[in-house]
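Let me begin by presenting the structure, written as structure tokens, before commenting on it.
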Amino acid sequence: MTQLERAAKGEITAEIRAVAESEGIDPEIVRDHVAKGKVVIPANKNRTKKLTGIGKGLRTKINASIGSSTDIADIKMEVEKAVVAEKYGADTLMDLSVGGDIYGIRKAVLDAISLPVGTVPLYEAFALAIEKYGAAVNMPAELLFEITEKQCAEGVGFMAIHCGINRKTVEMLRKQHYRYGGLVSKGGSYMVAWMEHNNKENPLYEHYDRVVEIMKKYDAVLSLGNGFRAGAIHDATDRVQIQELLINCELAEVGREMGCQTMVEGPGHVPINEIEANIIMEKKMSGESPFYMLGPITTDVAPGYDHITAAIGASLSSAFGADFICYVTPSEHLGLPFPEDVREGVIASKIAAHIGDMIKYKDNQKDKLMSKARRDMQWQQQFELCIDPERAREIKAKRGNGSDHSCTMCGKFCANDILKDMFRKDMIGSDKE
Ligand code: SF4
1 MTQLERAAKG
11 EITAEIRAVA
21 ESEGIDPEIV
31 RDHVAKGKVV
41 IPANKNRTKK
51 LTGIGKGLRT
61 KINASIGSST
71 DIADIKMEVE
81 KAVVAEKYGA
91 DTLMDLSVGG
101 DIYGIRKAVL
111 DAISLPVGTV
121 PLYEAFALAI
131 EKYGAAVNMP
141 AELLFEITEK
151 QCAEGVGFMA
161 IHCGINRKTV
171 EMLRKQHYRY
181 GGLVSKGGSY
191 MVAWMEHNNK
201 ENPLYEHYDR
211 VVEIMKKYDA
221 VLSLGNGFRA
231 GAIHDATDRV
241 QIQELLINCE
251 LAEVGREMGC
261 QTMVEGPGHV
271 PINEIEANII
281 MEKKMSGESP
291 FYMLGPITTD
301 VAPGYDHITA
311 AIGASLSSAF
321 GADFICYVTP
331 SEHLGLPFPE
341 DVREGVIASK
351 IAAHIGDMIK
361 YKDNQKDKLM
371 SKARRDMQWQ
381 QQFELCIDPE
391 RAREIKAKRG
401 NGSDHSCTMC
411 GKFCANDILK
421 DMFRKDMIGS
431 DKE
């Protein structure tokens, strides 16, 4: 039985208990949410190392994606990226390798870290089809199911599977007749090319029940992939994106009713005034399935800084109720991320998740403690409260200690220092709580 099926029977599993403990909430609340498909726990029956829960009432989680390309395929570097992602606080990791020894990279990553690992099985299936049959469009449909099962058996905890692409949506794209950013999902583009070339329905949509049964066998979480996500803010919330969202929400419900843990992905590049609408739609149409936000990237003109454009979108997403955010690195749209990009991406999305959670859960205690530590120039305490203490310590050390307890930013003009003796007691020394 899956976590969902066991929870629906009233069982508080060891996994549910562990998630509740790490979040500091009642296990019965987590059980109820798992039973209703509002929380998922990626705990593959063949590989459960670190447990994390994603969804309603839980801290916003962040995913870091790594993986080779056909141009750069270096197992050692991919493992290093995975280790860096775990070290700096990612909650999950996706291996999106499409080049080199895809299986070897995945195995090395699964062995090297304890985070739940996700994949997009379509990538390996299409890469194999290119190798064996000369072109992705020659892929036998059966290969999709074989690869999905193989990866599940290896211990992959969640998979983005593009079940929501169907002929109706492709037809809608044709009728809409524009896409400023084209199609930006690799899996989505290959699947559309396969459907058009073979004049067939997407096998993952047509035989959705088979996908669900495979995921259930290993209790992997089915993440309904976003093949038509907007790759430009001018494509955000268009008919094609919303049509796929609608289908994915429907499939999330069908999967849940079959006992499979499901979540929904979306929406790509989105201007900030459309983020909330996307979340309301997903939550309403899916019966509150966890929403896995890719980005959202909020402007198209900042390559080199897309970890920032995405963090802005992710903080709003989290505040409006998104449950899981996929990081973006500074190398987005420019090249394959290196380990230093992974660190930047993880920290940027952790900041975003924290900002969102403060609003979502009305909990800003950590920020209050930081404010007091900053006012009182308690440097040690400040470092301990930092999202990235290593970076804060490095900068402080490089810039020198300044005069007395201050830093070199203002030196003798340190506002905290000036007020310290004169006003601390009667003006700002007492805290409201
Ligand atoms: S020197 Fe300026 S920046 Fe540094 S602690 Fe004092 S007020 Fe803050």
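Residue numbering for the sequence shown follows UniProt numbering, beginning at 1 and increasing consecutively.
Glycine included, every Cβ here is placed at the ideal spot set by N, Cα and C.
The model shown is predicted, which means the values in this text are computed figures rather than measured ones.
Query, Result
"Any 3 or more C-beta pairs closer than 8 Å across the segment 256-276 and the segment 217-233", "yes"
"Alpha carbon of Tyr305 to alpha carbon of Ser331, nearest angstrom", "8 Å"
"Exposed unless 16 or more other CB atoms sit within 10 angstroms - verdict on residue 441", "There is no way to answer for residue 441, as the model of the chain reaches only from 1 to 433."
"Counted within 10 angstroms of its Cβ, other Cβ atoms place Thr60 as buried (16 or more) or exposed", "buried"
"Rounded C-alpha distance that separates Glu288 from Pro121", "25 Å"
"Nearest-angstrom Cβ-Cβ length linking Gly155 and Arg47, presumed shorter than 8 Å", "3 Å"
"With 16 other Cβ atoms within 10 Å as the buried cut-off, status of Lys168", "exposed"
"beta-carbon Asp417 near ligand 2 non-hydrogen atom, thresh 8 Å", "What this structure holds is ligand 1, not ligand 2."
"Backbone CA spacing between Ile113 and Ala415 [nearest angstrom]", "45 Å"
"Test item: CB-CB of Ile233 and Thr329 under 9 Å", "no"
"Lys372 versus Ala348, Met191, Ala353, Lys420, residue with shortest Cα-Cα distance", "Lys420"
"Nearest-angstrom Cβ-Cβ length linking Ile387 and Lys350, presumed shorter than 8 Å", "5 Å"
"Local conformation of Asn44 per DSSP, three classes", "strand"
"Residue range of the unbroken alpha helix (DSSP H) whose run includes Lys49", "That residue, Lys49, is in no alpha helix (DSSP H); it is neither H nor E in DSSP."
"Whole beta strand (DSSP E) elements within the segment 282-343, 3-residue minimum", "291-297, 324-326"
"Segments assigned beta strand (DSSP E), at least 3 residues, entirely inside the segment 62-127", "92-95, 117-119"
"With 16 other Cβ atoms within 10 Å as the buried cut-off, status of Ala85", "buried"
"Whole-angstrom distance between Leu334 and residue 502, CA atom to CA atom", "Outside the displayed range of the chain (1 to 433) lies residue 502, so it cannot be described from this structure."
"Where Met409 falls, given that 16 or more other Cβ within 10 Å makes a residue buried", "exposed"
"At least 3 beta-carbon pairs within less than 8 Å: the segment 203-223 vs the segment 25-43", "yes"
"Inter-residue spacing [alpha-carbon to alpha-carbon] between Asp111 and Ala18", "22 Å"
"CB of Phe320 within 9 Å of CB of Ile355, strictly", "no"
"Backbone CA spacing between Gln380 and Lys366 [nearest angstrom]", "15 Å"
"C-beta atoms of Asp323 and Lys56 nearer than 9 Å", "yes"
"Residues of its chain near Pro203, where Cβ-Cβ distance is below 7 Å and the 5 sequence neighbours each way are ignored", "Ala141, Leu144"
"For Ile418 and Ser317, the rounded distance between their alpha carbons", "40 Å"
"Residue burial classification, Lys76 (beta-carbon count within 10 angstroms, cutoff 16)", "exposed"
"Cβ-heavy atom distance, Thr70 to ligand 1, below 8 Å", "no"
"Heavy atom of ligand 1 within 8 Å of Phe383 beta-carbon", "no"
"Three-state secondary structure assigned by DSSP to Phe383", "helix"
"Arg374 beta carbon near ligand 1 (any heavy atom closer than 8 Å)", "yes"
"Residues of its chain near Arg343, where Cβ-Cβ distance is below 6 Å and the 5 sequence neighbours each way are ignored", "Val84, Tyr88"
"Host alpha helix (DSSP H) of Met215 (start-end)", "208-218"
"Secondary structure of Pro203, DSSP reduced to three states", "helix"
"The segment 172-183 in contact with the segment 124-134 per 3-pair CB rule at 8 Å", "no"
"Cβ-Cβ separation, Asn44 to Gly157 (assumed contact under 8 Å), whole Å", "5 Å"
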